[in-house]
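Numbering (this note's numbering), first residue to last: -3 to 330.
In structure tokens, the structure reads:
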């Protein structure tokens, strides 16, 4: 699609997204015909059990998959541009690990301090936002002082390992009930989100995407480096705050509700660059959004067809792309 005009490419990607969303609604352990699905969605004649499966399970899961793919992909694109690093992403830089630490402290830590089991959705989301933002701030402060992108990458992985060690300690000390809840969460799942939680997840993702759209001009300037951005009069402090807030909302929210989902934020921006053959974020960001949403919907379809964890599917698809990026960008620059 590299030579396809944008006015054709975006409609094609949109159609692919709609088709995959429909397929995700159809595929499941219980066979439901497309006609029954349409009837349930428009309020037609459908039995209550079928309607519940379609509205409360499949529609919610497909919606979460679509928004999760878009959110993780956009957050990865912003990190790769900001850090000028093709291997930057919410998973590699430890942002997802920070969100995991926040959730671990919320689920496992509270009972340890006699606070009882707290499992409300808003609390988990808030803990993930705080954890991811703290790790992101640490990585950003290091990146401001250290220009070597390999050092930033290594430090990001070290932060991730350190966070994982703290989480393991909490797991070792936690009670059985809390430990079971956290272990289930760490497996990553698009199907654990219920309808009531969408009222937290969707607005948070929407705000994150709006902030990323606001940042498009800044991201384009940052492609030329921070020195050039300063000469153009860009307020780097304001720019970083907005991008960090966007990334925290996007990656932190998805990690909170769906668990750690790897490789999507790292791989999809590179696929988008290959598809649109353009570094302009006015083109690249919507392309990344559409491809990310489509890919995770496709991964969800495959996970249901072969009864595999979503993380296994994303890893199998993402690892070859990461290897290709490493071999293609030996200088580790965007």
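Note that CB positions come from ideal geometry on N, CA and C, so glycine has one too. Fair warning: this is a prediction, and the values are worked out from it, not measured in the lab.
At least 9 Å separates the beta-carbon of residue 77 from that of residue 232.
In this model, residue 294 and residue 229 are separated by some 42 Å (Cα to Cα). Residue 184 is a Cβ neighbour of residue 307, given a cutoff of 9 Å. Judged by DSSP secondary structure, residue 177 falls within the alpha helix (DSSP H) whose first and last residues are 172 to 182.
Residue 30 counts as exposed, since fewer than 16 other beta carbons sit within 10 angstroms of its beta carbon. Residue environment analysis places residue 258 among the buried positions, since at least 16 neighbouring C-beta atoms fall within 10 angstroms of its C-beta. DSSP places residue 193 in no alpha helix (DSSP H); its state is neither H nor E. Note that the C-beta distance between residue 72 and residue 297 is not below 9 Å. With contacts defined as CB atoms closer than 9 Å, residue 33 and residue 19 fail to qualify as a contacting pair. A straight-line Cα-Cα distance of about 28 Å links residue 317 and residue 197. CA-to-CA, the gap between residue 221 and residue 262 works out to about 21 Å. Only residues of its own chain outside the window of five on either side were considered, and among them 216 have a CB closer than 7 Å to the CB of residue 276, listed in chain order.
Rounded to the nearest whole angstrom, the CA to CA distance from residue 181 to residue 254 is 7 Å. In the three-state scheme derived from DSSP, where H, G and I count as helix and E and B as strand, residue 228 is classed as coil.
The criterion of a C-beta distance shorter than 9 Å is satisfied by residue 242 and residue 207. A distance below 9 Å separates the beta carbons of residue 100 and residue 178. Considered as a whole, the region 30 to 55 harbours 30 to 38, 44 to 48 as its complete alpha helix (DSSP H) runs of no fewer than 4 residues, in chain order.
The shortest CA-to-CA distance from residue 103 to any of 252, 290, 278 is the one to 252. Counting other Cβ atoms within 10 Å of its Cβ, residue 54 reaches 16 or more and is therefore classed as buried. In the three-state reduction of the DSSP assignment, residue 186 falls in the coil class, being assigned neither a helical nor a strand state. Straight-line measurement puts the Cα of residue 270 at about 17 Å from the Cα of residue 289.
Contact check for residue 153 against residue 88 passes: the beta carbons are separated by less than 9 Å.
Note on geometry: alpha-carbon atoms of residue 319 and residue 45 lie some 45 Å from one another.
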